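Have a look at the structure below before the remarks.
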Amino acid sequence: MCGLDKLFTNNEQWVSNCTADNPEFFHDLAAQQTPEYLWIGCADSRVPANQIVGLKPGELFVHRNIANLVHNMDYNCMSVVQYAVEVLKVKHIIVTGHYGCGGVQAAMDDQEHGLVDNWLRSIKDVYAQHREEVDSLRFREQRINRLCELNVIEQVKNLSKSKILLHAWQRQQDVSIHGMIYSICDGRLKNLNVSVNSAEHIDSLYNLKATTRENRPEIVTSPMCSVGGELD
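Sequential numbering from 4 applies to the sequence shown in our numbering.
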């Protein structure tokens, strides 16, 4: 346990600091969770969400993964988003990347990195889509950092197309998605000025009408035996 002793010592000091001015701090905290913000960020240990934005425990709901990705089939992330939107009623979802992200760097090369390659595939797609712009930058650090920004923008788009957000906007819920990026070098958070607050910004193809089990349309297949000609 010697390697963990420091953690318990730090915990005791943290508790003392929290209760110094307000002895009921933890009692009040346990009574209710009412954050206005959901933070979707990178798992990098150098990117501490609460500290970056100066919010106390209970003020920021947090989900983190490698390279701050929002996959529609990532049930962990989608469950967090659903709880934050439908139960906690957060008003702002902040997708936050960081410059120099190792996941983004791994997605830019042609080397195999293991299981994580499957996770980072979508960043390769973003790179392929914007390769001319990214590769035109002179220095490698500039290219990495630009892809970090583009990745955040893409994740904002992905989240805005999710059924969770689209249904929230259909019922006129006040919730917005924002893209930001953090610099580990100076500790500053940058607004990428990409925000979505309604389905008006989304292609109507993604704006599904809500249904129930009783009125849900059946998925059927049609016998398309030829292309551009009459069916035999």
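For every residue, glycine included, the Cβ atom is placed at its ideal position computed from N, Cα and C. Everything numeric in this text was worked out from a predicted model, so none of it was measured.
Open item on the list: Quick test of your reading: S163 and H204, contact by CB under 8 Å. State the CB separation rounded to the nearest angstrom.
Closed with: Residue mapping note: residue 163 aligns to position 160 of the sequence shown, counting from 1. Residue mapping note: residue 204 aligns to position 201 of the sequence shown, counting from 1. About 7 Å; that satisfies the 8 Å criterion.
Task: Those runs of the alpha helix (DSSP H) which lie wholly inside the region 12-74 and span at least 4 residues - done: Counting only runs of 4 or more residues that sit fully inside the region 12-74, the alpha helix (DSSP H) segments are 28-34, 52-56, in chain order.
Open item on the list: I need the boundaries of the beta strand (DSSP E) containing K193, first residue and last residue.
Closed with: As a first step, residue 193 is located in the sequence shown; it is residue number 190 there, counting from the start. Where K193 is concerned, the enclosing beta strand (DSSP E) stretches over 192-199.
Open item on the list: Looking only at its chain, what residues have a beta carbon closer than 6 Å to the beta carbon of G106, apart from the 5 residues adjacent to it on each side?
Closed with: As a working note, residue 106 is residue 103 in the sequence shown. The residues I69, A70, L123, in chain order, have a CB closer than 6 Å to that of G106 in the same chain once the five nearest residues on each side in sequence are set aside.
TODO: Answer yes or no: do C151 and G100 have a C-beta to C-beta separation smaller than 8 Å?
DONE: If you number the sequence shown from 1, residue 151 lands on position 148. If you number the sequence shown from 1, residue 100 lands on position 97. Their beta carbons are under 8 Å apart, which means C151 touches G100 by this criterion.
Task: Within the region 92-176, ranges of the beta strand (DSSP E) (whole runs, at least 3 residues) - done: Whole beta strand (DSSP E) segments, 3+ residues: 95-101.
Open item on the list: If I follow the unbroken alpha helix (DSSP H) through M81, where does it start and stop?
Closed with: By one-based count along the sequence shown, residue 81 stands at place 78. For M81, the enclosing alpha helix (DSSP H) has its first and last residue at 78-85.
Task: Closest by C-alpha distance to Q108, when choosing among L91, H95, K92, I126 - done: Here residue 108 refers to the residue found at position 105 of the sequence shown. It is I126.
Open item on the list: Among I43, G6, D8, G190, whose alpha-carbon lies nearest the alpha-carbon of N79?
Closed with: Mapped onto the sequence shown, residue 79 falls at position 76. The shortest Cα separation from N79 among I43, G6, D8, G190 belongs to I43.
Task: Identified DSSP bridge partners for H181 - done: Indexing the sequence shown from 1 puts residue 181 at position 178. According to DSSP, H181 bridges with I97, S198.
- [ ] Can you say whether M111 is buried or exposed, counting buried as having 16 or more other CB atoms within 10 angstroms of its CB?
- [x] For the purposes of this step, residue 111 is taken as the residue at position 108 of the sequence shown. By the 10 Å Cβ count, M111 comes out buried.
TODO: Take Y130 as the anchor and find which of R146, I180, N200, L118 has the nearest alpha-carbon.
DONE: Position 127 of the sequence shown, counted from the first residue, corresponds to residue 130. Among R146, I180, N200, L118, the Cα nearest to that of Y130 belongs to R146.
Open item on the list: My output table needs one value for K212: the three-state DSSP class, helix, strand or coil.
Closed with: Position 209 of the sequence shown, counting from 1, holds the residue named residue 212. Note: K212 maps to coil in three-state DSSP.
- [ ] Tell me whether the beta-carbon of F11 lies closer than 8 Å to the beta-carbon of Y40.
- [x] The residue you call residue 11 lines up with position 8 of the sequence shown. The residue you call residue 40 lines up with position 37 of the sequence shown. No, the pair does not count as a contact, with Cβ atoms beyond the cut-off.
Open item on the list: With three or more C-beta pairs closer than 8 Å as the rule, is the region 154-171 touching the region 82-99?
Closed with: Contact between the region 82-99 and the region 154-171 is present, with at least three C-beta pairs closer than 8 Å.
Open item on the list: Quick check: the Cα distance between N196 and V88, rounded to an integer number of angstroms?
Closed with: Walking along the sequence shown from the start, residue 196 turns up at place 193. Walking along the sequence shown from the start, residue 88 turns up at place 85. Looking at the two C-alpha atoms, the distance is approximately 22 Å.
TODO: Report the residue from S186, L140, W172, V199 whose alpha carbon sits nearest the alpha carbon of E157.
DONE: Sequence index remark: in the sequence shown, residue 157 carries index 154 (1-based). Among S186, L140, W172, V199, the Cα nearest to that of E157 belongs to V199.
Open item on the list: Quick check on D8: does DSSP put it in helix, strand or coil?
Closed with: Numbered from 1 along the sequence shown, position 5 holds the residue referred to as residue 8. Of the three classes helix, strand and coil, the one that applies to D8 here is helix, per DSSP.
Task: Beta-carbon separation (whole angstroms), G61 vs Q36, contact threshold 8 Å - done: As a position in the sequence shown, residue 61 is number 58, starting the count at 1. As a position in the sequence shown, residue 36 is number 33, starting the count at 1. With a beta-carbon spacing of about 6 Å, G61 and Q36 fall inside the 8 Å limit used to define contacts.
Task: Sequence-distant residues of its chain with Cβ nearer than 8 Å to F28 (five each side left out) - done: Numbered from its first residue, the sequence shown carries residue 28 at position 25. Cβ within range, chain order: C21, T22.
TODO: Please confirm whether Y102 and N53 have their CB atoms less than 8 Å apart.
DONE: Along the sequence shown, read from residue 1 onward, the residue named residue 102 stands at position 99. Along the sequence shown, read from residue 1 onward, the residue named residue 53 stands at position 50. Taking a C-beta distance under 8 Å as the contact criterion, Y102 and N53 do not qualify as a contact pair.
Task: Reduced DSSP secondary structure (H/G/I, E/B, other) of E203 - done: Taking the first residue of the sequence shown as position 1, residue 203 is located at position 200. In the three-state DSSP reduction, E203 falls in the helix class (H, G or I).
Task: Between the CA atoms of L7 and V178 - distance to the nearest angstrom - done: As a working mapping, residue 178 is identified with position 175 in the sequence shown. As a working mapping, residue 7 is identified with position 4 in the sequence shown. If you draw a straight line from the Cα of V178 to the Cα of L7, it comes to about 40 Å.
TODO: Might you give, ordered along the chain, the residues of its own chain that have their beta carbon closer than 8 Å to the beta carbon of Q176, omitting 5 neighbours on each side?
DONE: Residue mapping note: residue 176 aligns to position 173 of the sequence shown, counting from 1. Taken in chain order, the residues that qualify are V88, K92.
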